[in-house]
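For the sequence shown, the residue numbers in my numbering are 1 to 162.
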Amino acid sequence: MVWIDYVIIGIIVFSALVSLNRGFVREALSLVIWGCAFFIARHFYPYLAVYFTSFENELIRNGTAIGILFIATLIIGAVVNSVMSCLVVRTGLSGTDRVLGVCFGALRGVLIVAAILFFVDTFTDFAQSIEWKQSQLIPQFSDIIRGFFNYLQNTSNFLPDR
Numbered sequence: 001m002v003w004i005d006y007v008i009i010g011i012i013v014f015s016a017l018v019s020l021n022r023g024f025v026r027e028a029l030s031l032v033i034w035g036c037a038f039f040i041a042r043h044f045y046p047y048l049a050v051y052f053t054s055f056e057n058e059l060i061r062n063g064t065a066i067g068i069l070f071i072a073t074l075i076i077g078a079v080v081n082s083v084m085s086c087l088v089v090r091t092g093l094s095g096t097d098r099v100l101g102v103c104f105g106a107l108r109g110v111l112i113v114a115a116i117l118f119f120v121d122t123f124t125d126f127a128q129s130i131e132w133k134q135s136q137l138i139p140q141f142s143d144i145i146r147g148f149f150n151y152l153q154n155t156s157n158f159l160p161d162r
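So, in structure tokens, the structure goes:
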């Protein structure tokens, strides 16, 4: 193993430890809230954008509506997340919650590493280095990255068709 492999392991372990502290319910609910924020912003911005007639540029109007919906959803979600976390503590499930949080955090760490590896590979020449080629863990992430971009290619309106 080379130093890159140790950095990859460190990121995954750090993410797992953060989730150990926060717990599964808080972590999972945060992920759901972010998903809802993206969904709400994507699907409902046209209804809010019509109220921003002072902006002549449609891109600015839509961007403002998307930003407001996204941030408002995150704020409401934070309140819900706080209430749910209090309920978990009061029911006495905090130990189980934290153990499940470690699993969730490790999975999140894997996804973070996959994103970092994609950006490093795409935007730098570091992928041509000896350390990159000698890494034992980097090849394991190629399936995750490929699967993610296949999903994006099939679902996004922003990416051109092949």
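Ideal placement from N, C-alpha and C gives every residue a C-beta, glycine not left out.
- The beta carbon of arginine 26 sits closer than 7 Å to those of Asn81 and Ser85, all from its chain and outside the five residues before and after it, given in chain order.
- Within the region 95–141, complete alpha helix (DSSP H) segments of at least 4 residues are found at 130–134, given in chain order.
- When the beta-carbon positions are compared, glutamate 131 and tryptophan 34 stay at least 8 Å from each other.
- When rounded, the separation of the alpha-carbon atoms in arginine 98 and aspartate 5 is 26 Å.
- When the Cα atoms are used, leucine 117 and serine 54 turn out to be separated by approximately 42 Å.
- By the neighbour-count definition (other C-beta atoms within 10 Å, threshold 16), serine 142 is an exposed residue.
- Comparing C-alpha distances from phenylalanine 104 to each of Val13, Met1 and Ile8 shows the shortest one belongs to Val13.
- For phenylalanine 24 and valine 7, the gap between their C-alpha atoms comes out near 24 Å.
- Contact between leucine 48 and leucine 74 is ruled out by a C-beta separation of about 16 Å, above the 8 Å threshold.
- The Cβ atoms of glycine 109 and serine 15 sit closer than 8 Å to each other.
- Alanine 78 and isoleucine 144 have their C-alpha atoms some 29 Å from each other.
- Where methionine 1 is concerned, there is no enclosing alpha helix (DSSP H), because DSSP gives it neither an H nor an E.
- DSSP, reduced to helix, strand and coil, places tyrosine 45 within a helical segment of the structure shown.
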